[in-house]
Every structure is written in C-alpha cells, then in structure tokens.
Amino acid sequence: MKILIAPGSFKGSIVSKEISRIIARGIQKIKKNVAVNELPIADGGLGTLNIITEYFKGNYVACDVTGPLGKKIRARYGIIQRKKTGIIELAQASGLHLIPEYLRNPLETTTTGVGELIKDSIRKGCKRIIIGVGDSGTIDCGIGALSALGVKFLDRNSKQIKTSCSGLLDLYKIDCTGIESLKSIEFIILVDVSNPLTGKNGAIVYAQQKGATKKELPMIQRGLRNFKKVILNEYGIDLDKIKGSGAAGGIAGGMYAI
C-alpha cells in the first residue's frame, strides 16, 4: 500500500510540513510496511515559504524587520538561485499569529516588514520576487510594504500618511518616483481568494477575524474605498475589477496597481 499525505496548514496552530510529518509518523507506527510519501501544500499563507524554498533547494535568509505592531521582529525569506528568485511570505513579517489576541486591531497594523523583506532580497540580487500573502493581520492595502520600498503616500498637505488602515482615510495622492529602480524586478503575488477590494465581499470580510469591532467596520470600509478612488484617479485602475485584489487586507491590489 502507498499513502500520500498532502495537508495544508491548520490556521493559528501548525504548518503543513509539521502536520505531514506527524501524520506520517503515526501511520508508520501502526503499519511499518506502508510506503508513505509526504507532500505538504500551501495556499500563500503560513508554510508557503518553507515548501517553495525547500522544493527548489533554496536558502533561507533571516533579518530584522518591522512587525505588524511596529516593533522589530526576526523574520526570514528564501532565495532560489534559479532565475535569482526571492520567496517572501507575508505572514513572516505581518501575520496574524504574530499579534496577541488582545492587541489585534487592523486599523493600526502594518505590512512595513514585508517591504523590508522584499528590499533585502533585492539588495542580495533577486530579480524576481514571489510573495505569498495569506494569514495576514493587516488591512493596509500594502501601503506599509510599498512605503518601505520607496513609495510615498501623501495627504492633502503633501505629508506622508500613517502606513496602516487608519492612514488610508487621509490618502490623497501617491508619489512613485522613489521606486524607478524596481521597474526591472518581476513581482508575482500568490493569492487563494477572489475577493475584490471593497464592498461586503471585499477585504473587510476578514476584518473581524483580525480584531476589528463591528463599530470599526464602516471606518475600515471608508479607508478601502478611498484607496480604491485614489488608485483609480492616479492610474485608471479599478481594483474592484481585479480578481483577488482584496486578498490579505488589500496588499494584493495595492501591489498590483503600483
């Protein structure tokens, strides 16, 4: 008999590689003559970094980045020599699991650390960046990550806004002159949902899971709509027509547009 074990991650507890190993050991204890093959899978969230990096025999790089609450944390990414590819897992720097339940507030969390991981991988020579954006604790449309890469998000007075969901309410214009050097970099974003950015089925669907209260939902929705409006005005892109733009608090849409 042959058994194939292909689990995904168990949200908030254990990643697919560890689950696969536990199941395999359990089977082998009961049936020692069974051929067990482990093939853990991922959906862009926790565990994606390990699965892709190890499958392509890449290397891990660890660095200090800004966590979702604004404090420095240790995170890592992968580098695959084939096409000099950087493997970035949003959850490493901005994952929900990094935030204690009593501190979860998606109005104030940021993806800045994701941009810092990307920046470090480019500094090390990566020409293609693959970003898995599942299991986030943020709804900032990626302005934190993009700010770390050099984009300026400005209010009506040309001052930089907060790089969090609450800052989206003040967004008036975007200055991308600081990212000219990124034009030669290929970005691939891995998503597993088809949500648009705004509306009842948009990024706000996961807001309460990330700690938002019912009273905060209208404010979050206004921030998302304002971001959508600015992107439409600046680039002519309607993010609600881009499938998956609401993934991981809108970072998929933000990075797609900019």
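Here the sequence shown stands for residues 1 to 258, numbered as in the UniProt record's numbering. Yeah, the Cβ is synthetic: ideal placement off N, Cα and C, and Gly gets one too. Source: prediction; values computed, not measured.
Whether residue i touches residue j by CB criterion (9 Å)
i: G47; j: K17; result: yes
i: D43; j: Y77; result: no
i: I99; j: G132; result: no
i: L171; j: V114; result: no
i: R128; j: F187; result: yes
i: I179; j: L154; result: no
i: D140; j: G45; result: no
i: S136; j: L90; result: yes
i: G130; j: I52; result: Here residue 130 is Ile; the residue named in the question, Gly, does not match the sequence. Their beta carbons are under 9 Å apart, which means I130 touches I52 by this criterion.
i: M255; j: G142; result: yes
i: G125; j: K71; result: no
i: A248; j: P106; result: no
Residue i, DSSP secondary structure in three states
i: N105; result: coil
i: C63; result: strand
i: N233; result: helix
i: A207; result: coil
i: A212; result: coil
i: A257; result: helix
i: F10; result: strand
i: V36; result: strand
i: G250; result: helix
i: I41; result: coil
i: G132; result: strand
i: I19; result: helix
i: L239; result: helix
i: K2; result: strand
Reference residue i; option with closest CA among the options
i: R123; options: K214, S194, M219, I185; result: I185
i: T66; options: E89, A93, I79, Y60; result: A93
i: E101; options: P68, G223, L90; result: P68
i: I79; options: G95, E108, N105, L117; result: L117
i: N157; options: L96, I174, K32, I14; result: I174
i: residue 271; options: I220, G199, I258; result: Outside the modelled stretch of the chain, which goes from 1 to 258, sits residue 271, for which no answer is possible.
i: R82; options: G211, C176, E54, Q208; result: E54
The ligand NAD heavy atom lying under 8 Å from the CB of residue i
i: G137; result: For the structure depicted, the ligand NAD is absent and the ligand set is empty, with no information on it obtainable.
Beta-carbon contacts of residue i that lie in its chain and below 7 Å, excluding the five residues immediately before and after
i: L197; result: A203, L224, K228, L239, D240, S245, G246, G250, G253
i: A24; result: I5, V36, E38
i: N201; result: N195
i: Q160; result: K152, F153, L154
Residues near residue i in its chain [Cβ-Cβ closer than 6 Å; skip 5 each side]
i: G144; result: T110, T111, T112, T163
Close beta carbons around residue i, own chain, < 8 Å, minus the five adjacent residues each side
i: A62; result: R74, A75, R76
Task: Completely contained alpha helix (DSSP H) runs for the region 135–184, where each covers 4 or more residues - done: Runs of the alpha helix (DSSP H) inside the region 135–184: 143–148, 165–168.
Open item on the list: Ignoring anything shorter than 4 residues, give me the alpha helix (DSSP H) runs that lie fully in the region 49–98, in order along the chain.
Closed with: For the region 49–98, the full-length alpha helix (DSSP H) segments reaching 4 residues or more read 90–94 along the chain.
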